[in-house]
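S.K.: Protein chains in written order, with the numbering used here: chain E, 460 to 826; chain C, 145 to 468. Cβ coordinates follow ideal geometry from the N, Cα and C atoms, glycine included.
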Ligand SMILES: Cc1ncc(C[n+]2csc(CCOP(=O)(O)OP(=O)(O)O)c2C)c(N)n1
Ligand SMILES: [Mg+2]
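In structure tokens form, the structure reads like this:
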């Protein structure tokens, strides 16, 4: 395996806290990572609560894919982003949104289908976007975002910017042709893209070994495209950051792609309506991950050990996150729905902006 | 007669065809061990085993293409798309390969494949998951496309689709899976290309397909009760092949027609039907042929708004009153 990523320099391979990028982490930023992970957890819990409805009233439609258990990935990766580093992911997209700095209000209001939502109530749970925060969504079609990630990297390179595009996908998405085509392009065109496989072991009800033919691991497929790859334990924020930083530097300094596979676990079903979440996964497996590999617990314990936070400070962080999630519910409930006329807005730029191009020919065909 | 759900009706069709023909294979994401994302294939893997009911990875281009290839050799794959929206990943296989190989081989090769799954809006899953591509498919010579709306039609048409020697693409609907209707026990089939008059009437023809049929039936009740207008509701069932005669017969009787569909208007099925009517029975018409379709934009997520984006009974009523 000649293209296995080099271990970070000056690092005890079992303790990624020693990596330079982690040594440079201030107390405040360590706490920020913790509070962002907790905020994501509490956001997802609140969303789940209202997704099910209350007192016979429903508040949301469609699907809700929760991120509980995987928080260290979105937050760890976002903590490395500089001004020209970007993110794109699939439909399990709330965490990345909050991690790059989108507010709970706009995210929750989107689930409630309100005009104040991040996509004005048009996209829903699977389709969050914040280009002003270098966040390109939120994509519902499995694997469909992977060439887009390569394209954002292409755009950065084209414009002469030093940056990267972290392109997230699940362990099931690696079997889409689009991903393989994106890998080839990234390798061929030297694109500063980082493909991040969030391997939670399952794609809906199908385990990794029932969906993928592979040697070594899923990331190893990159070897065939001469792209450097690495494996990461997702439950350790330090490890996520240390190894992702190597990929970010490769993108910045060499303008080359990387594939990382981050092991993780989702605590709940594929979506809130996954009735068999406890059938295709043994109950003790779920419990083991919740008990021993919850990235929030592990990070909190680590920070307590390091005397960065106390248990009572953690409680404050948690209470603040709960209060913020609750207030995002109130914000959403108080927000208006889009107007009927809004359905045909945001379809064409030229029409919305009333440009010359938008005024020739007919664009819409009702009556 | 037993009353079963639309979902069960399709399952019975699959089960009976699995029993009838050893070349039938049911394949798709989560169809086997998970019992189907929408439980259409529930129990089939337990009953028929790994060879006949097969779980696939999330690789639509690959497994749909594989099904088309296998069908060229005489296997009869019934492929499930978890959503028809995911067909676009496999579009080259479905449109280029399946539709053209018979023609390009001068008739030496055919593709007896069925591709089925839900194609509908109305469930707030957003633009990427709400596509209704029946018009694209009908636009492609070599392909057949059907849109059953009742359990009875779903079963009878599905069995014909599986026995058909050409590619048949079946549009189901997640909002219909739980709906019940009478389905006789035992063997029956409904030929493709035969429309069904779901309600006879004398004043106006509401021609439609898919879930819009139910919208029209509801509107017809309102129009009868409140306005004394007697609507005929013609369900195409099969888009291509198309039962032109039933449509024309109805219009010759009522002299007025509205096409109602949940698809978008531009080059929609309704456009083809409007053209057909003016072409073949212009002199019978007392009013222009009107159309109702989804509001012409990608599917909006917001639940109360998406309700307004798709045709609803009062909208049909209002449209009928414009010309009745
Ligand atoms: C092209 C396409 N096929 C199927 C689906 C339905 N689907 C949505 S998520 C999913 C499983 C994906 O699993 P994975 O990539 O492991 O991501 P995870 O859900 O575990 O985050 C499937 C089959 C889809 N959205 N798009
Ligand atoms: Mg997964």
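Can you confirm whether the segment 200-218 of chain C touches the segment 682-689 of chain E when touching is taken to mean that 3 or more C-beta pairs between the two stretches lie within less than 8 Å?
M.R.: In short, these stretches do not touch, since the Cβ pair count stays below three.
S.K.: Sorry if obvious, but does the Cβ on residue 265(C) come closer than 7 Å to a heavy atom of ligand 2?
M.R.: No, Cβ of residue 265(C) sits at least 7 Å from all heavy atoms of ligand 2.
S.K.: Report the residue from 755(E), 662(E) and 636(E) whose alpha carbon sits nearest the alpha carbon of residue 693(E).
M.R.: Minimum Cα distance to residue 693(E) is reached at 755(E).
S.K.: Out of 615(E), 491(E), 498(E) and 674(E), which has the shortest C-alpha to C-alpha gap to residue 553(E)?
M.R.: Residue 498(E) is the option with its Cα nearest to residue 553(E).
S.K.: Considering only residues of the segment 629-703 of chain E, which uninterrupted beta strand (DSSP E) runs meet the minimum length of 3 residues and lie entirely inside it, listed in chain order?
M.R.: 652-658 and 687-692, all fully within the segment 629-703 of chain E.
S.K.: Assuming contact is defined by CB atoms lying nearer than 8 Å, are residue 311(C) and residue 336(C) in contact in what I supplied?
M.R.: No, Cβ-Cβ distance for residue 311(C) and residue 336(C) is not below 8 Å.
S.K.: If the cut is a Cβ gap below 9 Å, which residues of chain C does residue 635(E) touch?
M.R.: Near residue 635(E) (Cβ distances below 9 Å), the residues of chain C are 201, 202, 203, 204, 205, 206 and 233.
S.K.: Do you know whose CA, among 559(E), 535(E) and 795(E), lies nearest residue 573(E)'s CA?
M.R.: Ranking 559(E), 535(E) and 795(E) by Cα distance to residue 573(E) puts 795(E) first.
S.K.: Under a Cβ-count criterion, where at least 16 other Cβ atoms within 10 Å of its own Cβ denotes burial, should residue 332(C) be classed as buried or exposed?
M.R.: Exposed: under 16 other Cβ atoms inside 10 Å.
S.K.: For residue 819(E), would you say it is in contact with chain C, using Cβ-to-Cβ distances shorter than 8 Å as the test?
M.R.: So no, residue 819(E) is outside the interface.
S.K.: Please list the segments of the beta strand (DSSP E) lying wholly inside the segment 347-399 of chain C, counting only runs of 3 or more residues, in order along the chain.
M.R.: Complete beta strand (DSSP E) runs here, min 3: 348-352, 375-379 and 382-384.
S.K.: Based on Cα-Cα distance, which residue from 334(C), 254(C), 181(C) and 177(C) lies nearest to residue 211(C)?
M.R.: Comparing Cα-Cα distances from residue 211(C) to each of 334(C), 254(C), 181(C) and 177(C), the minimum goes to 254(C).
S.K.: Are the beta-carbon atoms belonging to residue 320(C) and residue 355(C) less than 8 Å from one another?
M.R.: Yes, Cβ-Cβ distance for residue 320(C) and residue 355(C) is below 8 Å.
S.K.: In chain order, which continuous runs of the alpha helix (DSSP H) of length 4 or greater are located wholly inside the segment 217-298 of chain C?
M.R.: Segments of the alpha helix (DSSP H) lying fully in the segment 217-298 of chain C: 242-248 and 278-282.
S.K.: Can you tell me whether residue 199(C) sits near ligand 2, meaning its C-beta is under 7 Å from at least one heavy atom of the ligand?
M.R.: No, since every heavy atom of ligand 2 falls outside the 7 Å radius drawn around the Cβ of residue 199(C).
S.K.: If you measure between the beta carbons of residue 745(E) and residue 722(E), is that distance less than 8 Å?
M.R.: No, Cβ-Cβ distance for residue 745(E) and residue 722(E) is not below 8 Å.
S.K.: Kindly say whether residue 320(C), judged by its beta-carbon, lies nearer than 8 Å to any beta-carbon of chain E.
M.R.: Not an interface residue.
S.K.: Strictly under 8 Å for the Cβ-Cβ distance: is residue 601(E) near chain C by that measure?
M.R.: Closer than 8 Å to some Cβ of chain C, the Cβ of residue 601(E) qualifies, so yes.
S.K.: What residue range is occupied by the uninterrupted alpha helix (DSSP H) comprising residue 316(C)?
M.R.: It is not in any alpha helix (DSSP H) - residue 316(C) instead sits in the beta strand (DSSP E) that spans 312-316.
S.K.: Give the range of the alpha helix (DSSP H) segment to which residue 747(E) is assigned.
M.R.: Where residue 747(E) is concerned, the enclosing alpha helix (DSSP H) stretches over 742-751.
S.K.: On a Cα-Cα basis, can you pick out the residue from 478(E), 805(E) and 628(E) that is closest to residue 546(E)?
M.R.: Checking every option, the nearest Cα to that of residue 546(E) belongs to 628(E).
S.K.: Please report whether the beta-carbon of residue 586(E) lies at a distance below 8 Å from any beta-carbon of chain C.
M.R.: Closer than 8 Å: yes.
S.K.: So, using beta-carbon positions, are residue 652(E) and residue 510(E) closer together than 8 Å?
M.R.: Going by C-beta atoms, residue 652(E) is not nearer than 8 Å to residue 510(E).
S.K.: For residue 522(E), which three-state DSSP category applies?
M.R.: Three-state DSSP puts residue 522(E) in coil, outside helix and strand.
S.K.: Using a Cβ-Cβ distance cut-off of 8 Å, determine whether residue 441(C) contacts chain E.
M.R.: Yes, because at least one Cβ of chain E sits closer than 8 Å to the Cβ of residue 441(C).
S.K.: Just reading off the alpha helix (DSSP H) that residue 825(E) is part of, what are its end residues?
M.R.: Looking at the DSSP string, residue 825(E) is not in any alpha helix (DSSP H), and its letter there is neither H nor E.
S.K.: Looking only at C-alpha atoms, which of 611(E), 477(E), 646(E) and 681(E) sits nearest to residue 715(E)?
M.R.: The shortest C-alpha separation from residue 715(E) is found at 646(E).
S.K.: Could you run through the segment 266-287 of chain C and flag, in chain order, every residue whose CB is less than 9 Å away from some CB of chain E?
M.R.: The residues in question are 267, 268, 269, 270, 271, 272 and 273.
S.K.: Hey, how far is the Cα of residue 424(C) from the Cα of residue 268(C)?
M.R.: Distance between the alpha carbons of residue 424(C) and residue 268(C) is about 39 Å.
S.K.: Could you have a look at residue 203(C) and say whether DSSP puts it in helix, strand or coil?
M.R.: Three-state result, residue 203(C): coil.
S.K.: Taking only the alpha-carbon atoms, compute the straight-line gap between residue 813(E) and residue 819(E) and give it to the nearest angstrom.
M.R.: The straight-line gap from Cα to Cα measures roughly 10 Å.
S.K.: Can you grab the Cα-Cα spacing for the pair residue 315(C) / residue 407(C), in whole Å?
M.R.: Taking the straight line from one Cα to the other gives about 12 Å.
S.K.: What residue from 713(E), 663(E), 815(E) and 598(E) has the CA that sits closest to residue 623(E)'s CA?
M.R.: Taking only the C-alpha atoms, the option nearest residue 623(E) is 713(E).
S.K.: Chain E beta carbons: is any one of them nearer than 8 Å to that of residue 455(C)?
M.R.: No, residue 455(C) lies away from the interface with chain E (no Cβ there is under 8 Å from its Cβ).
S.K.: So residue 514(E) contacts chain C; which residues on that side make the cut at Cβ distance below 9 Å?
M.R.: Near residue 514(E) there are no residues of chain C at all, since even the closest Cβ is about 17 Å away, more than 9 Å.
S.K.: Mind listing which residues have their beta carbon within less than 6 Å of any non-hydrogen atom of ligand 2? Chain order is fine.
M.R.: Working through the chain, the matches are 629(E), 630(E), 631(E), 659(E), 661(E) and 662(E).
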